[in-house]
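So the sequence lines, in the order shown, correspond to chains A and B.
Note that my numbering numbers the first sequence so that position 350 is 365, with each residue one more than the last.
Note that my numbering numbers the second sequence so that position 191 is 198, with each residue one more than the last.
All C-beta atoms, glycine included, are put in the ideal place defined by N, C-alpha and C.
Encoded as structure tokens, the structure appears first; notes follow it.
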Amino acid sequence: MKISSNCAQLLVGIFLLTALVLPSAVTAEEIKIGVLFPLTGGAASAGRELRSGAELALEIANNPMPDINMAMARNAGIKSMGGAKITLIFKDHEGNPTLGADLAKKLILDDKVHGLMGAYHSAVTKAVSVVAEQYGVPLINDSSTSPELTKQGYKWFWRTTPHDIYFTKDLFEFLKGLTEGKVKGVPAVPKKDIMSLASACEKTEWGAAVSELIEKFGKDYGFEVKKSILYAAKATDLSSEVRSLIAVKPDAMLFASYTSDAILMMKTLKDQKAAPKLLWGQNAGFEVPEFVSTLGDTTVGSLTRTVFIPKIALVKPVAAKVNAMYKAKTGNDLSGASARSFTGLQAWVHVLEKAGSLKPADIQKAANAIEIPGDELVVPWQGIKFATTGDDIGQNTLGMGLIGQYQKGADGKIDLEIVYPFNVATANMIYPFPKF
Amino acid sequence: MDILFGAIASGILLGMVLALVALGLTIIFGLMDIVNFAHGEFLMVGMYTGLLTAQATGMDPLFTLPLAGAIGFLLGVVCYGGFVKYLLRGPMIAQLLGTFGLMLLLRNLALLFFGSEDRALHHGLLVGKSFDVGMGIILSATKLAVAVLSVLAFCGVWLLMNRTKLGKALTATALNRQGARYMGIPTERMNALAWGIGGSTVTIAGALIVNFWSVNPYVGLIFTMIAFTVVALGGFGSVPGAFFAGLVVGFIMEIPGFWDFFAITFDIGWMADVPMTSFKYTWIYVAYFVIMLISPRGLFGWKQ
């Protein structure tokens, strides 16, 4: 009996000791970030890319990888919080704003997340940003480009990606450059030959905004936008839209489409024998791997704006390293989507590191103060620094876009080549767009 | 002028496609007088059958049609025998709610098994081929094939209904079920047959349509709506009426094309600025509403 009571005392002692010691030794604080992406539905392939990008960034943030030249790769977890590890909780919003807002509420109230990231579709991001603002939970948006999102004056919303005003301006700078002979491999094109434009954009928040910007910048740069079509991204048939575009005989056709509609659009253009001199897509559907894998040679010569082209690896060692890791993990190169979700989570890590606590107010203060240098990023930006004043609050002021063109390499593989900015062009541009 | 001819040609082709989609409903709803809200879902089943069989076996999607037809026939007969038969014993509202439930069931089964992603065929004999016949008329090979099949199917059903004993029995069942039964017509079997034929025509249409349109579990909704419009416009009980109505609806969907023609030919600025394509499907609903208001019996209907 005596022995067993001694044993019991010992056990209680050990138990108490562990209870006292363990918390400080392990600092088991877990940082939970809710991530909303379209993992099913029309943009599911982009959703998968986004998810893989964020997961890769998480892996680098939670494990020391000193051979990558990034602040977040040096430590395991968040150093200022005693090495606390980040956990991502993924939710699928299917591209549906109402569902997105519901899931955000669920993440905040049930999962008790410390922050949010997402949500790709601008319309969904808008709905989620309202919830985040309401509950005072920080939301870093990695990949939605409707300018409207940072015009709301929200205090809990930050966006790392450049938005469509930047990108659409890039397009018109590019068109202007085309008429001035600045494009690599193309002699100056007389302006009258590229004067008339026609656009078809999907009709939710993002596409509608792009459509308006095309009209606005078209006017500013002296081009004629002959037709602006808004269509439903879920449409099963786009033939009347395409005929409507062809009817005005535009020199350039411009698109803002998600995945399945971008593919359907290209197929219908081919079906209807459209013959524009230039075909440009506002990324999204035009740069997911499915675009090339399903359409093949049809894509050669089409342009897309993007924020990441694997060829960047030639000039950015850090991008080369991360791209190699991503390719080993998924079999694909980084795309505009995955590179941006990677960068979005990277921004989260910097914010948390600077905040040193999980109090929303501290995170807010840190987000407004961070400055990530450009050489740490995989995307070709000058860095990340959020605007705290002006009419674009929460917007990263150091971002920029690229325009790429699908070209067939000597090995028969179709890859994006950089054609804008002109000083980093990696290939001669194919102009005019080859006939379908 | 090219725009006008292009729009007319496209309207006719699309009209024939839609007529084929609506043929099954013409039989089930128009002739046999049983409401079927799950019609679009039958089409979806046909689309998935064509797509998945082609992808799994590597055969051309065109050769999946017989399989799709067989599955559609079975689906129709099973739905009737296992479910709709019992609904007919209740009031009309039972049919409405019952087939509505069937629609939700099929749609959610598709969601469960196939996910909500859009899927499309990218390879096949007809996929991505089109003929430029001049004057702005470009005919897509797949739509042309559907149009031909549509004409054949309509002729077949018309012959069946008007030239055979079976057709007479079907018509009798639809007109007066009790009376037909007294005359020795196996009405239950007639109804099941109508559901079988209706199901197989629509799944065949689906397996063809998937050659040019992508499929997801929600695709049925818009087609159900279009099919009901076609049947209502054509008139309940009229097979040629449904074909004609399909063409009319095809033209209605081409309104943006005609609009462009006027805007460009006569250079009317404000017309060019109206986003007509955004309202493409709106006109179908408007047409449905107007038809119901003016002529509830449809244009060629003979049934009370």
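Would you say GLY13 of chain B lies against chain A (beta-carbon separation less than 8 Å)? Residue numbering aside, residue 13 of chain B sits at position 6 when the second sequence is read from its first letter. So yes, GLY13 of chain B belongs to the interface.
Inter-residue spacing [alpha-carbon to alpha-carbon] between PRO303 of chain B and GLY241 of chain B: What you label residue 303 of chain B is simply residue 296 of the second sequence in a count that begins at 1. What you label residue 241 of chain B is simply residue 234 of the second sequence in a count that begins at 1. Cα to Cα, the separation comes out at about 11 Å.
Per DSSP, ALA271 of chain A is paired with what? Sequence index remark: in the first sequence, residue 271 of chain A carries index 256 (1-based). DSSP lists A:CYS216 as partners of ALA271 of chain A.
How many Å lie between VAL257 of chain A and VAL240 of chain A at the Cα? For the purposes of this step, residue 257 of chain A is taken as the residue at position 242 of the first sequence. For the purposes of this step, residue 240 of chain A is taken as the residue at position 225 of the first sequence. Distance between the alpha carbons of VAL257 of chain A and VAL240 of chain A is about 16 Å.
For GLN420 of chain A, which of helix, strand or coil comes out of DSSP? On the first sequence, residue 420 of chain A is found 405 positions in, with the first residue counted as 1. Three-state DSSP puts GLN420 of chain A in a strand.
Answer yes or no: do LYS182 of chain A and LEU154 of chain A have a C-beta to C-beta separation smaller than 8 Å? Residue numbering aside, residue 182 of chain A sits at position 167 when the first sequence is read from its first letter. Residue numbering aside, residue 154 of chain A sits at position 139 when the first sequence is read from its first letter. Reading off the sequence, residue 182 of chain A comes out as Phe, not Lys. The answer is no: Cβ separation not under 8 Å.
According to DSSP, which residues form a beta bridge with SER211 of chain A? The residue you call residue 211 of chain A lines up with position 196 of the first sequence. Paired residue(s): A:GLU239.
Under three-state DSSP, which class holds LYS464 of chain A? Look at the range of chain A in this structure, 16 to 451, and you will see that residue 464 of chain A is not part of it.
Please list the partners that GLU256 of chain A has in chain B, where partner means a Cβ-to-Cβ separation under 9 Å. Position 241 of the first sequence, counting from 1, holds the residue named residue 256 of chain A. Neighbours of GLU256 of chain A on chain B, chain order: PRO263, THR284 and LYS287.
MET444 of chain A, DSSP secondary structure in three states: Locating residue 444 of chain A in the first sequence gives position 429, counting from the first residue. In this structure, MET444 of chain A counts as coil in the three-state DSSP scheme.
My output table needs one value for GLU44 of chain A: the three-state DSSP class, helix, strand or coil. By 1-based counting over the first sequence, the position of residue 44 of chain A is 29. It is coil, neither helix nor strand.
Do we get a CB-CB distance below 8 Å when we pair GLN311 of chain B with the residues of chain A? Here residue 311 of chain B refers to the residue found at position 304 of the second sequence. Reliability fails at GLN311 of chain B, whose pLDDT of 45 lies under 50, so the model's placement of it is uncertain and the value that follows must be treated cautiously. No, because no Cβ of chain A sits closer than 8 Å to the Cβ of GLN311 of chain B.
Starting from the beta carbon of VAL155 of chain B, find every residue of chain A whose beta carbon is closer than 9 Å, and list them in chain order. Taking the second sequence and counting its residues from 1, one reaches residue 155 of chain B at position 148. None at all; the shortest Cβ gap to chain A is about 18 Å.
If you run the structure through DSSP and keep just helix, strand and coil, what is ILE385 of chain A? The sequence position of residue 385 of chain A within the first sequence is 370, counting from 1. Looking at ILE385 of chain A - three-state DSSP - the assignment turns out to be coil, as it is neither helix nor strand.
Given a limit of 9 Å on CB to CB distance, which residues of the stretch 219-242 of chain B reach chain A? Within the stretch 219-242 of chain B, the residues whose Cβ lies closer than 9 Å to some Cβ of chain A are PHE219, TRP220, SER221, VAL222, ASN223, TYR225, VAL226, ILE229 and PHE230, listed in chain order.
Three-state class that DSSP yields for ASN115 of chain B in the structure shown: Walking along the second sequence from the start, residue 115 of chain B turns up at place 108. The answer is helix: DSSP assigns ASN115 of chain B an H, G or I state.
ILE301 of chain B classed as buried or exposed, judged by whether at least 16 other C-beta atoms fall within 10 angstroms: One-based indexing of the second sequence puts residue 301 of chain B at position 294. Result: exposed.
Kindly indicate if chain B contains any beta-carbon less than 8 Å away from that of ILE429 of chain A. Here residue 429 of chain A corresponds to residue number 414 of the first sequence, with the count starting at 1. No, because no Cβ of chain B sits closer than 8 Å to the Cβ of ILE429 of chain A.
Within 10 Å of its beta-carbon, does PHE120 of chain B have 16 or more other beta-carbons around it, so buried, or fewer, so exposed? Locating residue 120 of chain B in the second sequence gives position 113, counting from the first residue. Exposed, by the Cβ-count rule.
Chain-ordered neighbours of ALA127 of chain B on chain A, where CB pairs are closer than 9 Å: Counting from one through the second sequence, the residue named residue 127 of chain B turns up at place 120. Those are SER275, ILE278, LEU279, LYS282 and THR309, listed as they occur along chain A.
Is the Cβ of MET260 of chain B closer than 8 Å to any Cβ of chain A? Numbered from 1 along the second sequence, position 253 holds the residue referred to as residue 260 of chain B. For MET260 of chain B, the answer is yes, since a Cβ of chain A falls inside 8 Å of its Cβ.
Looking at the structure shown, is VAL152 of chain A part of a helix, part of a strand, or coil, going by DSSP? Counted from its first residue, the first sequence places residue 152 of chain A at position 137. The answer is coil: DSSP assigns VAL152 of chain A none of H, G, I, E or B.
Indicate whether at least one CB of chain A lies closer than 8 Å to the CB of SER245 of chain B. Residue numbering aside, residue 245 of chain B sits at position 238 when the second sequence is read from its first letter. Taking Cβ atoms only, chain A never reaches closer than 8 Å to SER245 of chain B, which makes this a no.
Does any residue of chain B have a CB that is nearer than 8 Å to the CB of SER137 of chain A? For the purposes of this step, residue 137 of chain A is taken as the residue at position 122 of the first sequence. No, its Cβ sits nowhere closer than 8 Å to a Cβ of chain B.
Can you tell me which of the three DSSP states ASN90 of chain A falls into? Locating residue 90 of chain A in the first sequence gives position 75, counting from the first residue. Coil.
Looking only at its own chain, which residues have a Cβ that is under 6 Å from the Cβ of LYS206 of chain A, when we skip the five neighbours before and after it? Working through the first sequence from its first residue, we reach residue 206 of chain A at position 191. For LYS206 of chain A, where only same-chain residues beyond five positions count, the Cβ hits under 6 Å are THR194.
What are the residues that DSSP puts in a beta bridge with LYS100 of chain A? Numbered from 1 along the first sequence, position 85 holds the residue referred to as residue 100 of chain A. Answer is A:GLU45, bridged to LYS100 of chain A.
Within the present structure, is the beta-carbon of LEU373 of chain A separated from the nearest heavy atom of the ligand GTP by less than 7 Å? In terms of ligand content, the structure shown is empty, and the ligand GTP therefore cannot be addressed.
Beta-carbon contacts of SER39 of chain A that lie in its chain and below 6 Å, excluding the five residues immediately before and after: For the purposes of this step, residue 39 of chain A is taken as the residue at position 24 of the first sequence. The predicted position of SER39 of chain A is uncertain, since its pLDDT is 39 and thus under 50; a value taken from the coordinates is nonetheless stated next. Cβ neighbours of SER39 of chain A beyond the five flanking positions: none.
ILE261 of chain A versus A:GLY237, A:ILE123, A:ASP82 and A:LYS242, residue with shortest Cα-Cα distance: What you label residue 261 of chain A is simply residue 246 of the first sequence in a count that begins at 1. Distance check between ILE261 of chain A and each of A:GLY237, A:ILE123, A:ASP82 and A:LYS242 places A:LYS242 closest, using alpha-carbon atoms only.
Pick helix, strand or coil for VAL330 of chain A, following the three-state DSSP scheme. Counting from 1 along the first sequence, the entry for residue 330 of chain A is found at position 315. The answer is coil: DSSP assigns VAL330 of chain A none of H, G, I, E or B.
Report the neighbours of GLN287 of chain A on chain B: residues whose CB is nearer than 8 Å to its CB, in chain order. To locate residue 287 of chain A, count along the first sequence from 1; it is residue 272. Ordered by position in chain B, the residues that pass the 8 Å Cβ test against GLN287 of chain A are SER137 and ILE145.
Pair within 8 Å by beta-carbon distance, PRO265 of chain A and ALA215 of chain A: In the first sequence, residue 265 of chain A corresponds to position 250, counting from 1. In the first sequence, residue 215 of chain A corresponds to position 200, counting from 1. Taking 8 Å as the Cβ cut-off, PRO265 of chain A and ALA215 of chain A do not qualify as a contacting pair.
Are HIS129 of chain A and ILE48 of chain A close, meaning C-beta to C-beta below 8 Å? Taking the first residue of the first sequence as position 1, residue 129 of chain A is located at position 114. Taking the first residue of the first sequence as position 1, residue 48 of chain A is located at position 33. Yes, Cβ-Cβ distance for HIS129 of chain A and ILE48 of chain A is below 8 Å.
Continuous alpha helix (DSSP H) assignments of at least 4 residues falling wholly in the stretch 246-295 of chain B: The stretch 246-295 of chain B contains these whole alpha helix (DSSP H) runs: 246-260, 262-272 and 276-280.
Contact set for GLN379 of chain A: own chain, Cβ-Cβ below 8 Å, skip 5 residues either direction: Taking the first residue of the first sequence as position 1, residue 379 of chain A is located at position 364. PRO153, LYS170 and TRP171.
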